[in-house]
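To start, the structure under review is shown below, and the notes come after it.
Residue numbers (our numbering): 13 to 371.
Structure follows, in C-alpha cells:
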C-alpha cells in the first residue's frame, strides 16, 4: 500500500470515528467514548497532514503537466520554479507523515507522575536529586505545563532523598518518558576538602497517569495510615496527621503523600500515584514478555540502566543511549533539556520506522 492509499484509509477511519462519536447512545458508555475520542484526536493529526499532502501533490502534478505540454517558455519557467519550491516541502511533509504513521504508544498522550530518588553517593546523591527536580520544574514551566508536588523527603544535607511531582499538559508522558533510568553525576562535593571528584546517582521514574477505568483499586485491598507531614522544601509543618500512606496488598506497593495540608487531598494524590504504579508494574511485566520482539535503542523500560552522565569538571552532559554529548551543562540544569528529548524521540522513531520496513 503506497502513502496515498494509507492516507485514504486513515481518512475513511477518521470519518467512521467521527460518526460514532455523534451517536447518542455513546453517552451511556464513557469508557468507549474516551477511547474513540483519543483515536479521533490522533487520526485528526494525520488527516490534517493528508490535506496538506494532497494540496502539494496537486500543485506538483499541475506544474509537471505545464512543463510537459506548455509551449510558452515563460510559463514553463514559472512551472519549473513552482516545482523547485514544492519538492522540498513535499519531502519534509512525507517524513512528518511517516512519523505520524508509526504506531503510537497509547499512554503517550497522558499526564505523568515524575519520581526522583537518591541512589549511591550519600548526601551528594540527595543534592543531585534536588538539582534534577529543579531542572524538571524549570522545563515544565517553559513548556507551559503544570506541576504539583505529591511528596518529598528532604536530605540531611539539602536536596531530597526522594521527590514526586504530578505533571499535567499536552503529551506529557510521551515527552518525559525518556527520562526514566539512572542519572549519574560526577563533581567535587561541597564537603570534599581535597577537591576529589565523586560519582553519585539518582533514579528517575516517569509513570503514565492511570484513571479509575484502567486501574480498579478496591477498598479492601489497601491500608491507609496517617502521619504528620511537612511540605516539600520545608514550606510548612503540619500539626495534624495530614500525611497519608497507602499500602496495596495485592502488589505490595506503598505510596506516601504529604505535601498537601489536607488529609483528604493527600489521600486523593496518593491514589493517583498508586494507580500509576500499579499500571506501570502491569505494563512493565507485559513489555518484558515481548522485549525480544521489539526493543528500541531508547525506551527499553530498564530503569536500572545508566542513561545519562552529568560531568561537572568538563561541563559535559552525555546521554549514553544515543551517544549525545553536550557542553552546556549549566543550561541543561537550568531546564534546557528540549534538545535532548527531541534527539531521543527522533532516534526511537528512526528505529521504529526501520523495524516497520523490515530492514
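Even glycine gets a Cβ: it sits at the ideal position worked out from N, Cα and C. All values derive from a computational prediction rather than experimental measurement.
Exercise. Tell me whether residue 174 sits in a helix, a strand or coil according to DSSP, three-state version.
Key: Taking the chain shown and counting its residues from 1, the one referred to as residue 174 is at position 162. Residue 174: strand per DSSP, three-state reduction.
Quiz item: What is the DSSP secondary structure of residue 253, counted as helix, strand or coil?
Solution: Counted from its first residue, the chain shown places residue 253 at position 241. Residue 253 falls in the coil class under three-state DSSP.
Self-check item: DSSP three-state assignment for residue 279, whether helix, strand or coil
Solution: If you number the chain shown from 1, residue 279 lands on position 267. Helix.
Practice problem: Within the same chain, show all residues whose beta-carbon is closer than 8 Å to that of residue 210, passing over the 5 residues directly before and after it, in chain order. | Solution: As a first step, residue 210 is located in the chain shown; it is residue number 198 there, counting from the start. Here the set comprises 133, 136, 198, 199, 200, 201, 204.
Exercise. Taking residue 146 as the reference, give the member of 85, 237, 172, 131 with the closest Cα.
Key: Start at 1 with the first residue of the chain shown, and residue 146 comes out as number 134. Considering only alpha carbons, the answer is 172.
Quiz prompt | 8 Å Cβ cutoff met for residue 185 and residue 120 | solution = The count along the chain shown starts at 1 and reaches residue 185 at position 173. The count along the chain shown starts at 1 and reaches residue 120 at position 108. With respect to residue 120, residue 185 sits close: the two C-beta atoms are nearer than 8 Å.
Practice problem: Going by DSSP, name the residue or residues bridged to residue 328. | Solution: Numbered from 1 along the chain shown, position 316 holds the residue referred to as residue 328. In the DSSP assignment, residue 328 forms a beta bridge with 323.
Quiz item: Going straight from the alpha carbon of residue 17 to that of residue 33, what length do you get?
Solution: Along the chain shown, read from residue 1 onward, the residue named residue 17 stands at position 5. Along the chain shown, read from residue 1 onward, the residue named residue 33 stands at position 21. Going by the C-alpha atoms only, they are around 25 Å apart.
Quiz item: In three-state DSSP terms, what is residue 373?
Solution: Residue 373 lies beyond the range of the chain shown here (13 to 371); nothing can be said about it.
Quiz item: DSSP three-state call for residue 112: helix, strand or coil?
Solution: On the chain shown, residue 112 is found 100 positions in, with the first residue counted as 1. Here residue 112 carries a helix assignment [DSSP, helix/strand/coil].
Quiz prompt | Other residues of its chain near residue 158: CB distance less than 8 Å, five sequence neighbours each side excluded | solution = In the chain shown, the residue the question calls residue 158 occupies position 146. Counting only Cβ-Cβ distances below 8 Å, and skipping sequence neighbours, we find 152, 179, 180, 181.
Quiz item: Leaving out the 5 sequence neighbours to the left and right, which residues in its chain are closer than 6 Å to residue 30 when beta-carbon positions are compared?
Solution: Taking the chain shown and counting its residues from 1, one reaches residue 30 at position 18. No residues qualify anywhere along the chain.
Quiz item: Closest by CA to residue 50, which one among 118, 84, 109, 98?
Solution: Indexing the chain shown from 1 puts residue 50 at position 38. Looking at the Cα atoms, 118 is the closest of the given residues.
Quiz item: Where residue 73 and residue 114 are concerned, what is the direct C-alpha to C-alpha distance, given to the nearest angstrom?
Solution: By 1-based counting over the chain shown, the position of residue 73 is 61. By 1-based counting over the chain shown, the position of residue 114 is 102. In this model, residue 73 and residue 114 are separated by some 27 Å (Cα to Cα).
Exercise. Determine the closest residue to residue 78 out of 68, 90, 69, 124, with distance taken between C-alpha atoms.
Key: Here residue 78 is taken as the residue at index 66 of the chain shown, counted from 1. Comparing Cα positions, the closest option is 90.
Quiz prompt | Pairwise C-alpha distance: residue 207 and residue 177 | solution = Stepping through the chain shown from its first residue, residue 177 is reached at position 165. Stepping through the chain shown from its first residue, residue 207 is reached at position 195. Whole-angstrom Cα-Cα distance: 34 Å.
Quiz item: Can we say the stretch 86 to 103 touches the stretch 42 to 60, given the rule of at least three CB pairs closer than 8 Å?
Solution: Contact fails: fewer than three Cβ-Cβ distances are below 8 Å.
Quiz item: Which two residues bound the contiguous beta strand (DSSP E) that contains residue 268?
Solution: Your numbering for residue 268 matches position 256 in the chain shown. Here the beta strand (DSSP E) through residue 268 covers 265 to 269.
Quiz item: Do you know offhand how far residue 256's Cα is from residue 40's?
Solution: For the purposes of this step, residue 256 is taken as the residue at position 244 of the chain shown. For the purposes of this step, residue 40 is taken as the residue at position 28 of the chain shown. Their Cα atoms are separated by approximately 35 Å.
Quiz prompt | Cross-strand partners of residue 239 (DSSP beta bridge) | solution = As a first step, residue 239 must be located in the chain shown, where it is residue number 227. 255, per the DSSP bridge assignment.
Quiz item: Can you tell me whether DSSP reads residue 131 as helix, strand or coil?
Solution: Counted from its first residue, the chain shown places residue 131 at position 119. Of the three classes helix, strand and coil, the one that applies to residue 131 here is coil, per DSSP.
Quiz item: From which residue to which residue does the beta strand (DSSP E) around residue 186 run?
Solution: Taking the first residue of the chain shown as 1, we reach residue 186 at position 174. Under the DSSP assignment, residue 186 falls outside any beta strand (DSSP E), being part of the alpha helix (DSSP H) whose first and last residues are 184 to 188.
Practice problem: Starting from residue 222, follow its DSSP beta bridges and name the residues at the other end. | Solution: As a position in the chain shown, residue 222 is number 210, starting the count at 1. For residue 222, which the question treats as bridged, DSSP gives no partner whatsoever.
Quiz item: Leaving out the 5 sequence neighbours to the left and right, which residues in its chain are closer than 6 Å to residue 130 when beta-carbon positions are compared?
Solution: Walking along the chain shown from the start, residue 130 turns up at place 118. Here residue 130 has 137, 138, 141, 173, 214 as same chain residues with Cβ atoms under 6 Å from its own Cβ, once five neighbours each way along the sequence are excluded.
Quiz item: So is residue 230 buried or exposed if we call it buried at 16+ other beta carbons inside 10 Å?
Solution: Along the chain shown, read from residue 1 onward, the residue named residue 230 stands at position 218. Exposed: under 16 other Cβ atoms inside 10 Å.
Quiz item: DSSP state of residue 92, grouped into three classes?
Solution: Stepping through the chain shown from its first residue, residue 92 is reached at position 80. Collapsing the DSSP output to three states places residue 92 in a helix.
Self-check item: Unbroken beta strand (DSSP E) run spanning residue 193, endpoints
Solution: In the chain shown, the residue the question calls residue 193 occupies position 181. Element bounds for residue 193: 193 to 199.
Quiz prompt | Strand pairing of residue 160, partner residues [DSSP] | solution = Within the chain shown, the letter at position 148 stands for residue 160. Partner(s): 178.
Quiz item: Would you call the CB atoms of residue 322 and residue 336 closer than 8 Å?
Solution: In the chain shown, the residue the question calls residue 322 occupies position 310. In the chain shown, the residue the question calls residue 336 occupies position 324. No. Outside cutoff.
Quiz item: In the structure shown, what three-state DSSP assignment does residue 12 receive?
Solution: The structure shown has nothing for residue 12, since the chain only spans 13 to 371.
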